[in-house]
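Quick notes on the structure that follows.
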Amino acid sequence: MKTWHVIDLIEWTTEYFERHEIPTPRLDAELLLGHLLQKSRLQLYLSFEMPVFQGALSKFRELIKKRVDHTPVSYLTNHKEFMSLNFYVDSRVLIPRPETETLVETVLQHQKDSCRFVEIGTGCGAIAISFSHHRPDWELIATDLSTEALEVAQQNALTHNCADQLTFLQGDLFEPLRELPNPRFDWIASNPPYVGTGEASILPLDVREHEPEIALFAGPDGLDIIRRIVTDAPQFLNTDGKLILEIGCNQSHAVQDLIKSQPAYKHCEVIKDYADIERVLLASV
Ligand SMILES: C[S@@+](CC[C@H](N)C(=O)[O-])C[C@H]1O[C@@H](n2cnc3c(N)ncnc32)[C@H](O)[C@@H]1O
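Counting in the numbering used here, the sequence shown runs from 833 upward without gaps.
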């Protein structure tokens, strides 16, 4: 029987993924094999001639099958890096995207002192936990409508030793904040669902078939949740408080109009991501 070595498996899988139109075939092959053998990509490169035996081969075959079925690599490895921190992810949560780091970096630039901060729609907790990592003196609250997502976020908060600093609340947008003795914050942040229901067919299959619908879609124009956040946020902001939102590619003008239509907001600023796309809106009251 043929003995498979690390390099043979990487090359065979890359070619198989290419045939199945997986967009980053070599990278995915390396990430999946590295996950299975518990090796970083560098360690994998240093182990090209290492034989891989039957038990591992059958598990690898399963991973390959799922990847060809467009299961995202991060759900197969249960891992995503965000702001250079490691997060557990599975199909209960949206996989944090690199462009969302723009929101986190913008807040970190603007706010050095202690503050009260709430994130709406925390998913796996990547945004709130990043703030906890960089600003251990902030009071942090993170909400989500999905109890399943909050389970993942809580697990990540434990791993990052910030469960004491970060309070998770379940409910629809601002509803859970109404129960708090002090429902006012210096910052409200959200990367809300913002895909239009009509845009489902143009989403990559990985996203459309595997990531939670509740994390993606927000009505016909994708603005249903953003509209509600922009309208209600001022009631929950302190004087000079700030609302920061991630938005979709073509939503900048529509969301600026929404903000301008609310007299409570004094300023509104647009921030581009690393791909030069208007990605974040920062408004202050
Ligand atoms: C685009 S995901 C963002 C997740 C995470 N914050 C991130 O940036 O990776 C949107 C999140 O909002 C949550 N969500 C959707 N509708 C909501 C609502 N009405 N109230 C609170 N959270 C909601 C979803 O469950 C999901 O976790």
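Ideal Cβ positions, reconstructed from N, Cα and C, are used throughout, including at glycine.
Check                                                                                                                                                             : Outcome
Please tell me whether Val804 and Val921 are closer than 8 Å, where the distance is taken between their beta carbons.                                             : Absent from the model: residue 804. The displayed extent of the chain is 833 to 1117, so no value can be given.
I want to know whether the segment 939-949 touches the segment 966-973 - three or more CB-CB distances under 8 Å.                                                 : yes
How do the segment 927-939 and the segment 1067-1087 stand: do at least 3 beta-carbon pairs fall below 8 Å, yes or no?                                            : yes
Below 8 Å, can you find three or more Cβ-Cβ pairs linking the segment 1062-1069 to the segment 1092-1099?                                                         : yes
Within 7 Å: the Cβ of Val950 and any heavy atom of ligand 1?                                                                                                      : no
If you draw a straight line from the alpha carbon of Lys871 to that of Leu863, how long is it in whole angstroms?                                                 : 9 Å
Could you work out which residue in Leu874, Leu869, Arg893 and Arg873 is closest to Pro883 when comparing CA atoms only?                                          : Leu869
Flag this pair as yes or no: are the beta carbons of Thr845 and Ala861 separated by less than 8 Å?                                                                : yes
For Leu1077, decide whether its Cβ has a neighbour in chain D, counting only Cβ atoms nearer than 8 Å.                                                            : Looking for chain D here will not work: only one protein chain is present.
Can you find the residues in the same chain that come closer than 7 Å, C-beta to C-beta, to Leu982, ignoring five residues on each side of it along the sequence? : Asp976, Phe1000 and Gln1002
Per DSSP, what kind of secondary structure is Ile1109 in: helix, strand or coil?                                                                                  : coil
May I ask you to check if the CB of Gly953 is nearer than 7 Å to at least one heavy atom of ligand 1?                                                             : yes
Quick check: does the Cβ of Val925 come within less than 7 Å of any heavy atom belonging to ligand 1?                                                             : yes
By a C-beta neighbour count over all protein chains shown, 10 Å radius and 16 as the cutoff for buried, is Glu951 buried or exposed?                              : buried
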